[in-house]
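To convert a position in the sequence shown, counted from 1, into this note's numbering, add 106. For glycine and all other residues, C-beta sits at the position ideal for the given N, C-alpha and C. Nothing here was measured: the structure is a model prediction, and the numbers come from that model. Heads up: the structure comes next, in structure tokens.
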Amino acid sequence: MNKTEIEYAKELELRKKAGEILDWKYEPFSLKLAGKTYYKPDFLVVFPGHFEIHEVKGGFIREDAMVKLKVAAKMFPWFKFILAQKKKKQWIIKEVMS
């Protein structure tokens, strides 16, 4: 895990202890997008009744990373895809739409 992912894992652990989420896993699997192109989610977050995929980024997001995230959201609509971005010491959370 990089520094930003470690910070986010701490946030998820607090949410787990508070009962907001059931569990979370770091990079639990890869999703095949096309040919030899894969997307590896940063976190799988388990809620009662559903799962979310959380992608964690610092202040800057590369365009190719956003494209992969949007393609994955379109190809795997049964997951809710969340972008968690750390800006100025604050988490900005957005749902990713395809």
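Cβ-based burial, residue i [other Cβ within 10 Å; buried from 16]
i      : result
Ala140 : exposed
Glu133 : exposed
Pair within 8 Å by beta-carbon distance, residue i and residue j
i      : j      : result
Ile167 : Phe185 : no
Asp148 : Glu119 : no
Lys192 : Gly165 : yes
Tyr145 : Ala178 : yes
Val202 : Phe187 : yes
Pick from the options that is closest to residue i, judged by C-alpha positions
i      : options                        : result
Lys122 : Lys180, Leu150, Leu137         : Leu150
Lys163 : Ile198, Tyr132, Ile127, Val173 : Ile198
Ile127 : Phe157, Thr143, Tyr114         : Phe157
DSSP bridge partner residues for residue i (one or two, in chain order)
i      : result
Val151 : Trp130, Glu158
Ile167 : Beta-bridge pairing links Ile167 to no other residue.
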